[in-house]
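Okay, structure first, notes after.
2 protein chains.
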Amino acid sequence: MTTYHHGDLPRQLLDSAAEMAASQSPESISLRELARRAGVSHSAPVHHFGTRQGLLTALAIQGFEALGAAIENYHDDIYAMGVTYVQWALAHPGHYAVMWEPRLLDEDDDSLRSARAAAWTALTAAVARHEDPDSPAEGAGAYAAFALVHGLAGILLSGAVPAPADSVALAREVTQRLRFAR
Amino acid sequence: MTTYHHGDLPRQLLDSAAEMAASQSPESISLRELARRAGVSHSAPVHHFGTRQGLLTALAIQGFEALGAAIENYHDDIYAMGVTYVQWALAHPGHYAVMWEPRLLDEDDDSLRSARAAAWTALTAAVARHEDPDSPAEGAGAYAAFALVHGLAGILLSGAVPAPADSVALAREVTQRLRFAR
DNA sequence: TGCGCAAACTTGACACTGACAAGATATGCT
DNA sequence: AGCATATCTTGTCAGTGTCAAGTTTGCGCA
C-alpha cells in the first residue's frame, strides 16, 4: 500500500495528537511528529488542517462534542452529571487540555463555538432545574457548578497537588459540596 | 551604557515573560523574543535560566510566592480568601497560566515544590477551620474549595464561557455556594 | 473504456526557535 | 593593580510551522 490516499489520515492525526497532548502537553504537539507517526510527509497534515492551530481546533471540537454527549443525559441529577464530567476529563486528558487552551485555538471557528456553547448550555440548563429562579444570585449557580468540576478536573490532571487514590470517589464528595440557591 | 551587565536582566526577562504569557499564552514565550525586548543577545537569557523550562519555572515560583502571600492572611474568612484568590489570578494572568501548566515546568525544582506546597497548605489549613474534623469526608473540603476558585479563575481567564461584567461580584457569589462538612 | 479533474500527498525552501560551545567584556574582591 | 568570575556575545546546529509548486491517485463522466 502506498502512502498516497491513506484513507483515514485526518482521524489518525487527531488520535496521535490526543495521545501526545495526554502524555506530554498540548504545546508539545508537532505537525511533523504527527506526520512521522503516520508515515506521511511532513506537510501532509497541513493539507488537512491548514495550520497547527487548525488541527488543535479540530481536536477541541471533537472533545466538546464528546463531552457534551457524555453529560447531556443527566438533566435530572446534577451531581451525577458533575461526576461524569470529571470522569470524562480524566479519561480524555489530551482533548481536555486542548479544549481549555483557547489561545491555541481558532476562536473564529463556528464549529468550535457551537460545540462549546452546546456543552455550556447543557450544564446551565441542568443547574437551572436546581435553582430557585427568584433568587437574586440565580446566575451564579451555573458558574459555581462549572467552576467546581472544571477546577477539580484541572487540579487532578495537572498533578500539581497531592492526588487521592480514588478520584471518582473524590469527585462524588466534592460535587456534594455545591449549594444551590432555593 | 553598554549592554554588558544590564544589571537587572533576570527580573526584566521575567516581567516580559509574564506580559507575553498574559497577552498571548505561556507557550508563546520565546527566549529570543524576550532577549529582543531586553535589547540583549539571543542567548543572554540562557545564561540566567539555563533553559526555557528554567525560565518558566522561575516565573511559576514567583507566582506561587506572591499568591501565597496574598491569601495567607485570610485564615478566618475562607470566603474572602477565595475571592482574593480569584482576584489575584485575574490580576496576574501570565503568572497564573504558567503556574498550572506543570508540563512546562521543572518538577524537580525544590523552590517550586515548596512554594506550591506553601500555597496549598495555607488553603487547606483555612478550610480545616471550617470543617468538622469528625466528618468522614473531611479531606474533600480542601479539594472542593480549591477546585471552586481555581476553576472559576480558569474559566474567567480562558474566556471560553460568557463572562459577566463584574467578576469580583461573581467570585463572591460563587464562593458562597461552597458547603462545608460540619 | 478512457479522459480529465480534483483531492491527496510530496518535495523543497524559508524564517523562526531552543540549545550548545567558545569567545569577549565588565565587575568585584584581595 | 590584577585576577577570578559572572555576564553577555557570536556562531552554529537540529527541529519547527508555513508556504509554493510539483506529483500521484482515485472518481465521475463522456
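For the protein sequence lines, the chains are A and B, in the order given. Counting in the working numbering, the first sequence runs from 210 upward without gaps. Counting in the working numbering, the second sequence runs from 210 upward without gaps. Backbone N, C-alpha and C define an ideal beta-carbon position, used for all residues, glycine too. Predicted model only: the values in this text are computed from it and were never measured.
Within chain B, the residues R312 have their CB atoms less than 7 Å from the CB of Q233 (chain A), given in chain order.
Cβ contact annotation for L361 (chain B) (same chain, cutoff 7 Å, sequence separation greater than five): V295, A380, V383, in chain order.
By the Cβ neighbour-count rule, R325 (chain B) is buried, with 16 or more other Cβ atoms within 10 Å of its own. Secondary structure in the stretch 336–387 of chain A: no beta strand (DSSP E) run of 3 residues or longer lies completely within the stretch.
With a threshold of 9 Å between beta carbons, E274 (chain A) makes no contact with chain B. Within the stretch 227–254 of chain A, the residues whose Cβ lies closer than 9 Å to any Cβ of chain B are, in chain order, Q233, S234, P235, E236, S237. The C-alpha of S323 (chain B) lies about 13 Å from the C-alpha of L276 (chain B). Counting only residues of its own chain and dropping the five nearest sequence neighbours on each side, D318 (chain A) has a CB closer than 7 Å to the CB of T266.
Beyond the five residues adjoining it in sequence on each side, P345 (chain A) comes within less than 6 Å, by CB distance, of no other residue in the same chain. Residues of the stretch 252–271 of chain B whose Cβ lies closer than 7 Å to any Cβ of chain A: none. Within chain B, no C-beta atom comes less than 7 Å from the C-beta of W297 (chain A); the nearest is roughly 15 Å away.
Looking only at A:G363, A:A351, A:I364, the smallest Cα-Cα distance to R386 (chain B) is reached by A:A351.
Taking a Cβ-Cβ threshold of 8 Å, the residues of chain A close to G350 (chain B) are R386, in chain order. Under the DSSP assignment, Q233 (chain B) falls outside any alpha helix (DSSP H); it carries neither an H nor an E label. By the 16-neighbour rule on beta-carbons within 10 angstroms, G363 (chain B) is buried. The beta-carbon of P342 (chain A) is placed no less than 9 Å from the nearest beta-carbon of chain B. Looking only at A:L299, A:A300, A:I280, the smallest Cα-Cα distance to G291 (chain A) is reached by A:I280. Per DSSP, reduced to three states, the secondary structure at F389 (chain B) is coil, with no helix or strand assignment.
Here DSSP, grouped into helix, strand and coil, assigns Y283 (chain B) to coil.
Excluding residues up to 5 positions away in sequence, H284 lie with their Cβ nearer than 8 Å to the Cβ of A334 (chain B) in the same chain.
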